[in-house]
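As C-alpha cells, the structure follows; a few thoughts come after it.
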Ligand SMILES: [Cu+2]
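Residue numbers (mature numbering (1 follows the signal peptide of the UniProt record, and there is no 0)): -20 to -1, 1 to 135.
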C-alpha cells in the first residue's frame, strides 16, 4: 500500500515537469472560418478538437484580436426552424476522443468582427479551458473546410 502511494507521487512529479497542465493535451485541427463582411456583425469558425490527454477537457470560451467576443454556439432545428443557441456550459472533449465543430452543428461565433475576413487570411483564436489552460488556434479564412493534415499546435 505504501509502495503504491510512492509510485503514484513519482508519476505525478514526472508528468508535471516542464508542463503546467499535465492532465490534458488538446490539439486543434483544420480550423477555418468563412469569409465575412464586418458590417454583417458576425463570423463563424469551425475546427476539430482532439484530446490526447488522460483527462477530459472542457472548452469554456475564447477570444480573438479580430472580433469583440467569441461565443460557443450550436445550431439546432426547433419545430423545423433552424436556429442557434449559445452554449455557456462550453463543450467537453473526452480523453482519447475528439469533437468536431462544423456547419449545422457546433461553431465558434465571432461577434462584431473588427474588419472583413478575406480568403487566405490567417488569424488566431485563443480557446479557454476549464483547467485554466489556453490553446492558441491558427484559423484560415476559406470558403470551405481545408483538407486533412493541417494540424494545429499543442498547448
Ligand atoms: Cu452562432
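Heads up, the beta-carbon is just placed ideally off N, CA and C, and yes, glycines get one too.
Checklist entry - Rounded to a whole number of angstroms, what is the C-alpha to C-alpha distance between residue 28 and residue 34? => result Each residue's Cα considered, the two are about 18 Å apart.
Next on the checklist: Could you tell me the alpha carbon to alpha carbon distance between residue 118 and residue 58, rounded to whole angstroms?
Outcome noted: So the alpha carbons of these two residues sit roughly 33 Å apart.
Checklist entry - Comparing the CB of residue 64 with every heavy atom of ligand 1, is any distance shorter than 7 Å? => result The answer is yes for residue 64.
Next on the checklist: Would the segment 95 to 109 count as touching the segment 8 to 18 if we require 3 or more Cβ pairs under 8 Å?
Outcome noted: By the Cβ test, the segment 95 to 109 is in contact with the segment 8 to 18, since at least three Cβ pairs between them sit closer than 8 Å.
Item to check | Opening and closing residue of the beta strand (DSSP E) in which residue 31 lies | outcome: Start and end: 22 to 31.
Next on the checklist: Taking DSSP's pairing of strands, which residues face residue 110 in a bridge?
Outcome noted: DSSP output for residue 110 lists no bridge partner at all.
Checklist entry - Who pairs with residue 46 in a beta bridge, going by DSSP? => result Note: residue 46 sits in no beta bridge, so no partner.
Item to check | Nearest-angstrom beta carbon gap, residue 65 and residue 51 [assumed within contact, 8 Å] | outcome: Contact doesn't hold; Cβ gap of about 10 Å is too wide.
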